[in-house]
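Read the structure below first, then the notes.
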Amino acid sequence: MTDPLAGLDLDQHRAPPTLLPRVLLATNTADGYATADSPLGPVYVAFSGLGVSYVTLVEEHADVETYLSSRLGRPVFPLQRPPVRLARALEESLTSGRLGRLPLDLRATTAFQQRVLAKTAEIAPGQVRSYGWVAEQIGQPRATRAVGTALARNPVPLLVPCHRVVRAGGRLGAYSLGGAENKRRLLEHEGAPFD
Amino acid sequence: MSDPAWGRLLARDLDTTFPQLVEATQDRLHAGVVRFVGDRTLADDICQDVFVRAYRSLVQMPDAQRLALRVRPWLWTIALNRCRSWGRRESTRPLEVELDPSWADGGHRPHDEVEETLVWRERLAALSDPQRTAVVLRHVGRFSYAEIAHITGRPEGTVKADAHRGVARLRRALETEEAR
Numbered sequence: 000m001t002d003p004l005a006g007l008d009l010d011q012h013r014a015p016p017t018l019l020p021r022v023l024l025a026t027n028t029a030d031g032y033a034t035a036d037s038p039l040g041p042v043y044v045a046f047s048g049l050g051v052s053y054v055t056l057v058e059e060h061a062d063v064e065t066y067l068s069s070r071l072g073r074p075v076f077p078l079q080r081p082p083v084r085l086a087r088a089l090e091e092s093l094t095s096g097r098l099g100r101l102p103l104d105l106r107a108t109t110a111f112q113q114r115v116l117a118k119t120a121e122i123a124p125g126q127v128r129s130y131g132w133v134a135e136q137i138g139q140p141r142a143t144r145a146v147g148t149a150l151a152r153n154p155v156p157l158l159v160p161c162h163r164v165v166r167a168g169g170r171l172g173a174y175s176l177g178g179a180e181n182k183r184r185l186l187e188h189e190g191a192p193f194d
Numbered sequence: 213m214s215d216p217a218w219g220r221l222l223a224r225d226l227d228t229t230f231p232q233l234v235e236a237t238q239d240r241l242h243a244g245v246v247r248f249v250g251d252r253t254l255a256d257d258i259c260q261d262v263f264v265r266a267y268r269s270l271v272q273m274p275d276a277q278r279l280a281l282r283v284r285p286w287l288w289t290i291a292l293n294r295c296r297s298w299g300r301r302e303s304t305r306p307l308e309v310e311l312d313p314s315w316a317d318g319g320h321r322p323h324d325e326v327e328e329t330l331v332w333r334e335r336l337a338a339l340s341d342p343q344r345t346a347v348v349l350r351h352v353g354r355f356s357y358a359e360i361a362h363i364t365g366r367p368e369g370t371v372k373a374d375a376h377r378g379v380a381r382l383r384r385a386l387e388t389e390e391a392r
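Line by line, the protein sequences give chains W and E.
Count the first sequence with our numbering and you get residues 0 to 194, in order.
Count the second sequence with our numbering and you get residues 213 to 392, in order.
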């Protein structure tokens, strides 16, 4: 006689591959990522339901998934395109150089870094400020070096314009998105004064 | 991983642990929901809903409660409730929608999978609700009778009897099938 339970337990059964990404994206415990155009060429943009969490140059990554998930401390999943409610504001931000209404998800950064980024986001296209200016503005005038470190680790370059923060005396200083040459290109494109 | 370990990890770092929890529990849970509702596409939606609800509930939960949580039985309790209320809400769904073999992501459910699910749905329909619940929790969820009692809120002796009677019914259903 046949075992009445044979086959009931679906022994090797796997949940559909779409279940995990759907659940994690819906709970903001993972991010999606897609490509977008930027003044520096194609970029990967990562985002959760809370906002954009990371921007990085496509050309710099052979394995962007590993890179993003280690930087964000969450799994990431490739998507066809950014979600509709972000897409428009994102495109506007990338072309205008202003953050505007684009929401950011900065959970992977420290409270200090968030203050530095918020202040930096206020610098308009065509302007530059020094690291010392940012430090003063956030009420920690002696933290110039820490401001430099915080901006070097800016997870959302271009959107938070860390390229508009330069060294005292007008020298450019470092830039995380492909090096100092890109910083110069961006500032020239925006018509900012620097030597 | 045992339930106390999950509880401890969830209490310590919810957002890092939750993806691991989903990954570790989704296959069995999905199998169980397939048997509860007898429809694989519907099971996809219910499982997503179960995990999202579980997460929202975990966010609200004090650390001490997370720490004490029997995580896997708790997830299946949510699943069981969702299967029941979903059944009520979806009871007017036309049959052809349930038979739709396409994956949510554009692929296709193999035909024999759909067939197999329907065969088991029919067999399990011969059981009473408590019997079906006990049989699926025992043989698909792989829970102990103590855990099944915890999940269903019924005495251990009762759920054990339900499971045995359920299996006896399945045997009779199978004999009828084979005699056909």
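Note that CB positions come from ideal geometry on N, CA and C, so glycine has one too.
By DSSP, does W:Pro77 sit in helix, in strand, or in coil? strand
Looking at the secondary structure, which residues open and close the beta strand (DSSP E) in which W:Leu23 lies? Per DSSP, W:Leu23 belongs to no beta strand (DSSP E); it is in the alpha helix (DSSP H), Leu18 to Ala25.
Take E:Glu310 and list the residues in its own chain whose beta-carbon comes closer than 8 Å to its own, dropping the five residues that flank it on each side. Low confidence applies here, because E:Glu310 scores a pLDDT of 30, under 50, leaving its location unreliable; read the following figure in that light. So the list reads Asp251, Thr253 and Leu254, once near-sequence residues are dropped.
For E:Pro285, is the classification buried or exposed, using 16 other Cβ atoms within 10 angstroms of its Cβ as the cut-off for buried? buried
From W:Ala149 to W:Leu157, what distance separates their C-alpha atoms? So the two alpha carbons sit approximately 15 Å from each other.
Report yes if the CB atom of W:Arg13 is closer than 8 Å to the CB atom of E:Asp239, and no otherwise. yes
For W:His60, count neighbouring C-beta atoms within 10 Å of its own C-beta (all shown protein chains included) and say buried if the count is 16 or more, exposed if not. exposed
Given this structure, state the Cα-to-Cα distance separating W:Pro81 from E:Leu233, to the nearest angstrom. In a straight line, the C-alpha of W:Pro81 is about 26 Å away from that of E:Leu233.
Using the beta-carbon count (16 or more within 10 Å), is E:Glu308 buried or exposed? Low per-residue confidence applies at E:Glu308: pLDDT is 30, beneath 50, and the placement is therefore not dependable, though the value from the model is reported in the following sentence. Counting Cβ neighbours within 10 Å, E:Glu308 comes out exposed, since fewer than 16 surround it.
Mind checking if E:His242 is an interface residue toward chain W, Cβ cutoff 8 Å exclusive? Chain W, which has a Cβ nearer than 8 Å to the Cβ of E:His242, makes this yes.
Where E:Val246 meets chain W, residues with beta-carbon distance less than 8 Å: Leu9 and His12
Output yes if chain E places a C-beta closer than 8 Å to the C-beta of W:Pro74; else output no. Chain E, which has a Cβ nearer than 8 Å to the Cβ of W:Pro74, makes this yes.
My output table needs one value for E:Asp324: the three-state DSSP class, helix, strand or coil. In the displayed model, E:Asp324 falls within a helix according to three-state DSSP.
With a CB to CB cut of under 8 Å and the five nearest residues on each side skipped, what residues in its chain are close to W:Asp10? none
Using three-state DSSP, classify W:Leu33 as helix, strand or coil. Contrary to the premise, residue 33 of chain W reads as Ala rather than Leu in this sequence. W:Ala33 falls in the strand class under three-state DSSP.
Who are the neighbours of W:Ala29 on chain E, taking C-beta pairs under 7 Å? Pro231
Helix, strand or coil for W:Val133 per DSSP? Residue state, collapsed to three classes: helix.
Please confirm if E:Trp218 has its CB atom under 8 Å from at least one CB of chain W. Judged by the 8 Å Cβ criterion, E:Trp218 is not in contact with chain W.
Measure the C-alpha to C-alpha separation of E:His323 and E:Ala243 and round it to an integer number of angstroms. 17 Å
How about W:Leu1: is its C-beta nearer than 8 Å to some C-beta of chain E? With the sequence shown as reference, residue 1 of chain W is identified as Thr, and Leu is not the correct amino acid for it. True, the Cβ-Cβ gap to chain E drops below 8 Å.
May I have the straight-line CA-CA distance separating W:Arg152 from W:Ser175, to the nearest angstrom? 7 Å
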